[in-house]
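Residue numbers (the working numbering): 23 to 117.
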């Protein structure tokens, strides 16, 4: 399955470690040979600044908050490879 990830790199998420999360994400995707099946797009703000770093995975439309660098390996393995949602980190966006 093809996945498209949108990673917030806006000011607040960046202060909360988004750049480190992004680097770990790209490294894990490469290590798992997923480059042909996963696209990562940077975005400025997902409107969930209090829960950063944030990312959204499509086609499922799953939102993840507090996505710290240490959680990335698990995200890649469980969500992108095994198709399981990490319920502890999944969130429903609020206005």
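Where a beta carbon is used, it is the ideal one built from N, C-alpha and C, also for glycine.
Query	Result
Would residue 38 be called buried (16 or more neighbouring beta carbons within 10 Å of its own) or exposed?	buried
Entirely within the region 59-85 and at least 3 residues each: give me those beta strand (DSSP E) ranges in chain order.	60-65 and 77-80
In or out: residue 31 buried (at least 16 other Cβ within 10 Å) or exposed?	buried
What residue does the alpha helix (DSSP H) around residue 27 start on, and which one ends it?	Element bounds for residue 27: not the alpha helix (DSSP H) but the beta strand (DSSP E), 25-30.
Helix or strand or just coil, what does DSSP make of residue 37?	helix
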